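**Student:** According to the numbering used here, the sequence shown is numbered sequentially starting from 62.
Let me begin by handing over the structure; questions about it come next.
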Amino acid sequence: MQPDVSAGNAATTMTRIRLYRIETCPYCDRAERLLQRKGVGDRLDVIRIDDSRKAFAEMAKLTGQRTVPQVFIGERHVGGFDDLVELDMDGDLDELLDALRNP
């Protein structure tokens, strides 16, 4: 069973990484691979919005965006794939993930 990653469950969202995606999106695949290479393991919750209107509505409400991927690290909305790559290139992605590992 997947943990409750809705906006109302702050205890869970503070220690999780959420990736809103659709199946056929190459940028979603790349974002997921990047996060897995960073060692996020089972802390990554992949939320398929093509399977759920509710998940899509939640993503749109939380981010103000209607495009995928959308990434949250803890409670912070990181943005899409380009934003994730920029954080990685700047070294900030490792810092965000380390802060999640060691709250």
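All residues carry an ideal CB built from backbone N, CA and C; glycine is no exception.
All values derive from a computational prediction rather than experimental measurement.
Do you know offhand how far residue 120's Cα is from residue 77's?
**Tutor:** 15 Å
**Student:** Assign residue 131 to one of two classes, buried (16 or more other C-beta atoms within 10 Å of its C-beta) or exposed (fewer than that).
**Tutor:** buried
**Student:** For residue 108 and residue 79, which I take to be in contact (beta-carbon distance under 8 Å), what is that distance rounded to the nearest angstrom?
**Tutor:** About 6 Å separates the two Cβ atoms, so the contact holds.
**Student:** Can you determine whether any heavy atom of the ligand SAM sits closer than 6 Å to the C-beta of residue 102, and answer yes or no?
**Tutor:** The ligand SAM is absent from the structure shown, which contains no ligand whatsoever.
**Student:** Which one of 142, 91, 123 and 93 has the shortest CA to CA distance from residue 136?
**Tutor:** 123
**Student:** Grouping DSSP H, G and I as helix and E and B as strand, with all else coil, what is residue 101?
**Tutor:** coil
**Student:** Over the uninterrupted alpha helix (DSSP H) stretch that includes residue 162, give me the two end residues.
**Tutor:** Taken as a continuous stretch (DSSP letters only), the alpha helix (DSSP H) holding residue 162 covers 153-162.
**Student:** How far does the beta strand (DSSP E) with residue 137 in it extend, from its first residue to its last?
**Tutor:** 137-140
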